[in-house]
Amino acid sequence: MAHAVSPRTVKGFLSIAASVSLLIAPTIYAAVDVTWGLKGQDVSGSNSIYASTATGGTYTYTGNDGDTNASNNVSVKISGWAQHYDDRIYNHNSQLIHYGSGLGLYHQYNDGDHEIDNAGYQEFIVFHFDEPVSLSTYSFGWVDTDADSTVLAYDPNGDGLHTGSETNSDLGLTSSDSVSDLLTNGWDAIGHYEGNSSAPQSIDISSDTADIFSSYWIIGAYLSDITPLLSGGSYKKDAFKLASLGVMREPTDTPDGETPAPSSAYLLLIGLAVFARRKYLHVR
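Just add 16 to the spot in the sequence shown (first one is 1) and you have my numbering.
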């Protein structure tokens with residue numbers, strides 16, 4: 017004769033299984049917004065328009081994600097570049113500077129405005145993050161005439177995987193390369209984004225970049241050598257100073273990025289609970 021299983025026994029098994037599941041279930045780490053202020057006062061604490069020296073590419077700039085432990089935050093290295101009249105790319109780190117209205121290039125092409133622009137040279141900034149991120153927003157604190165912009169992400173293998181320690185040669189950033197060569201040197205054109213003459217002005221590209229994570233991103237004044245061209249954009253001079261930057265960290269299931277398999281003890285408890293419940297229903 018079958019022995020009945022009491023409701024208390026069934027509830028006991030289910031209670032234990034539920035408790036264990038809470039203890040061993042994988043912890044989900046959500047993506048976290050990280051922002052950088054790129055104005056002079058954000059960097060140096062000063063409100064002076066010439067708030068810092070030209071230090072682009074030579075320092076680590078830590079972002080803010082609300083974590084009081086700075087070591088948990090994302091850092092970025094900034095470098096400045098321009099394609100000259102010979103259609104070759106040259107480094108302009110020494111001319112990067114954080115002004116009161118944002119990051120610009122000091123006296124680049126003698127235009128007197130110290131912005132990132134495409135009047136003559138095609139100028140752009142490379143952001144090298146210490147971990148793969150998804151660029152979601154950026155803003156302009158100063159605009160001259162117009163503010164169309166171009167964004168690219170480095171993804172040489174088409175799978176989002178790279179070391180994060182690539183050389184300028186790996187990135188196609190040498191005097192033997194041109195802006196149009198970026199697309200054959202591992203960069204993906206995320207898009208051209210139409211701006212206007214107002215400032216401040218924010219650009220949200222998160223709908224285009226939500227699933228794209230890279231350690232290297234480019235923001236440039238509209239780069240007309242990157243195809244396809246901007247649809248509906250103007251042919252005015254595009255010139256701006258970058259006031260801020262926002263990214264999303266890549267979400268991981270666990271601190272090491274792996275989802276743990278259910279433990280054998282957990283599966284055994286679930287099995288016993290199901291068996292006990294079936295036994296109880298059978299003998300009622």
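The beta carbon of each residue, even a glycine, is placed where N, CA and C say it ideally should be.
Three-state secondary structure (DSSP) at residue i?
| i | result |
| --- | --- |
| glycine 56 | helix |
| threonine 74 | With a pLDDT of 45 at threonine 74, under the threshold of 50, the predicted position of this residue should be treated as unreliable, though the coordinate-derived value follows. Correct three-state label for threonine 74: coil. |
| threonine 270 | Residue confidence for threonine 270 is low, a pLDDT of 48 falling below 50, so the modelled location carries little weight and cannot support an answer. |
| asparagine 107 | strand |
| valine 50 | strand |
| alanine 259 | strand |
| alanine 98 | strand |
| lysine 93 | strand |
| tyrosine 251 | coil |
Once you ignore the five residues that flank residue i on each side, which residues in its own chain have a CB closer than 7 angstroms to its CB?
| i | result |
| --- | --- |
| proline 314 | Because the chain is modelled from 17 through 300, residue 314 falls outside the range shown and cannot be assessed. |
| glycine 53 | Ser260 |
| asparagine 201 | Leu187, Gly188 and Asp193 |
| glycine 178 | According to the sequence shown, residue 178 is histidine rather than glycine. Hits under 7 angstroms: Tyr170, Pro172 and Ser231. |
| alanine 277 | With a pLDDT of 49 at alanine 277, under the threshold of 50, the modelled position of this residue cannot be trusted; read the value that follows with caution. None. |
Where do the N-terminal and C-terminal ends of the beta strand (DSSP E) with residue i fall, by residue?
| i | result |
| --- | --- |
| serine 155 | 138-159 |
| leucine 112 | 112-115 |
| serine 240 | Run containing serine 240: none; DSSP gives neither H nor E here. |
| leucine 119 | 118-121 |
Spatial neighbours of residue i within its chain, please: CB distance less than 6 angstroms, with the 5 preceding and 5 following residues excluded, ordered by chain position.
| i | result |
| --- | --- |
| glycine 180 | Ser231 |
| aspartate 193 | Ile105 |
| aspartate 220 | Thr153 |
| isoleucine 13 | Shown here, the chain extends from 17 to 300; a query on residue 13 therefore has no answer. |
| proline 148 | Phe229, Ser230, Ser231 and Glu266 |
| serine 117 | Gly157, Trp158 and Lys257 |
| leucine 151 | Thr225, Trp233 and Val263 |
| alanine 130 | Looking at the sequence provided, one finds histidine at residue 130 rather than alanine. So the qualifying residues of the chain are Gly120 and Tyr122. |
| phenylalanine 140 | Trp97, Ile234 and Gly236 |
| tryptophan 203 | Leu168 and Tyr170 |
| threonine 183 | none |
With a threshold of 8 angstroms on Cβ separation, who are the neighbours of residue i within its own chain once the five nearest residues in sequence on each side are excluded?
| i | result |
| --- | --- |
| serine 191 | Arg104, Ile105 and Tyr106 |
| glutamine 138 | Ala98, Gln99, Val195, Gly236, Ala237, Leu239, Ser240 and Asp241 |
| lysine 253 | Asp133, Asn134, Ala135, Asp160, Thr161 and Asp162 |
| glycine 176 | Pro148, Ile228, Phe229 and Ser230 |
| glycine 211 | Phe156, Val159, Asp162, Ala163, Asp164, Ser165, Gln217, Ile219, Asp254 and Phe256 |
Query raised in the report: Of all the beta strand (DSSP E) runs that stay within the bounds of the region 156-229, which reach a length of 3 or more residues?
Result: 165-170, 203-209 and 217-220
**Report entry** Three or more C-beta pairs below 8 angstroms linking the region 213-222 and the region 155-172
**Finding:** yes
Requested in this report: Spell out a yes or no on whether the region 192-210 and the region 224-239 are touching, meaning 3 or more CB-CB pairs, one atom from each, closer than 8 angstroms.
Outcome: yes
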